[in-house]
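This report refers to the structure that appears directly beneath it.
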Amino acid sequence: MFEIWEIGEPPRRITEAGSLEVALEKVDTMCRLRHDQAVAHVGRPREHYRFEIRDHLGRTLARLTYVPDTTREYQSVVAEELWGDDTSPV
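Read in the UniProt record's numbering, the sequence shown has 64 at position 64, and its numbers run on one by one without any break.
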């Protein structure tokens with residue numbers, strides 16, 4: 001099991017995932033949501049968002065700092081190599 005956290009003040013657990021691939025997909029979805037919110041001027045704008053994927057013991061396995069670029073369409077934050085051959089979101 002993996003946990004997805006948004007690290008801020010205060011940190012909050014967003015959800016969990018049964019595999020690393022699903023955890024990466026959920027982080028990508030959260031970044032897309034933050035991008036869409038920034039474009040639409042919804043909520044309190046922030047310069048950046050920080051996410052973590054943690055294992056079942058709470059150890060941080062991966063960190064990502066996401067900065068929405070509202071001058072262009074959203075592009076996945078997950079490197080194509082991490083998706084593998086048959087799980088690419090495109």
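Backbone N, C-alpha and C define an ideal beta-carbon position, used for all residues, glycine too.
- Who are the Cβ neighbours of P45 in its own chain at under 8 Å, not counting the five residues just before and after it? Around P45: A38.
Measuring alpha carbon to alpha carbon, tell me which of E52, L33, Y66 ends up nearest W5.
-> The shortest Cα separation from W5 among E52, L33, Y66 belongs to E52.
message: Starting from E25, trace the alpha helix (DSSP H) in both directions and tell me its first and last residue.
response: Looking at the DSSP string, the run of the alpha helix (DSSP H) that includes E25 is 20-40.
Start and end residues, beta strand (DSSP E) containing Y49
Judged by DSSP secondary structure, Y49 falls within the beta strand (DSSP E) whose first and last residues are 49-55.
*With DSSP collapsed to three states, give me the class of A62.*
Strand at A62.
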